[in-house]
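Data first, discussion second: the structure below is written as structure tokens.
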Amino acid sequence: MPVAGEITATNQSVVDAPELLNSDPYDGAWLIKIKVAEGVGALMSAEAYEKFVDGIKH
């Protein structure tokens, strides 16, 4: 991960049913919750990342 922090929770549902990663990646298939030690202002949102990837494909 590109951030430093403390893991505060893990998602046992994904451990029990890893297919959730494919069927519900943005809702039920979260992996961890993290208490971020420093700001995350430089990280991209999912939408910004999609635009970035689309831009380098061409």
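In this note's numbering, the protein residues as written are 234 to 291. Every residue gets a Cβ at the ideal spot worked out from N, C-alpha and C, and that includes glycine.
C-beta atoms of residue i and residue j nearer than 8 Å
| i | j | result |
| --- | --- | --- |
| Leu276 | Ala262 | no |
Those residues which DSSP pairs with residue i across a bridge
| i | result |
| --- | --- |
| Glu271 | Note: Glu271 sits in no beta bridge, so no partner. |
| Gly238 | Val269 |
Nearest residue (CA-CA) to residue i, options the options
| i | options | result |
| --- | --- | --- |
| Pro235 | Thr243, Glu283, Ile267, Asn244 | Ile267 |
| Thr241 | Ile265, Val248, Ala250, Pro251 | Ile265 |
Residues of its chain near residue i, where Cβ-Cβ distance is below 6 Å and the 5 sequence neighbours each way are ignored
| i | result |
| --- | --- |
| Val269 | Val236, Gly238 |
| Thr243 | Ile265 |
Same chain, Cβ closer than 8 Å to residue i, five either side skipped, listed in chain order
| i | result |
| --- | --- |
| Phe285 | Met277 |
| Tyr259 | Ala279 |
Straight-line gap, residue i to residue j (C-alpha atoms, nearest Å)
| i | j | result |
| --- | --- | --- |
| Asn255 | Val273 | 26 Å |
| Val250 | Asp287 | Val is not the amino acid found at residue 250; the sequence shown has Ala there. The straight-line gap from Cα to Cα measures roughly 30 Å. |
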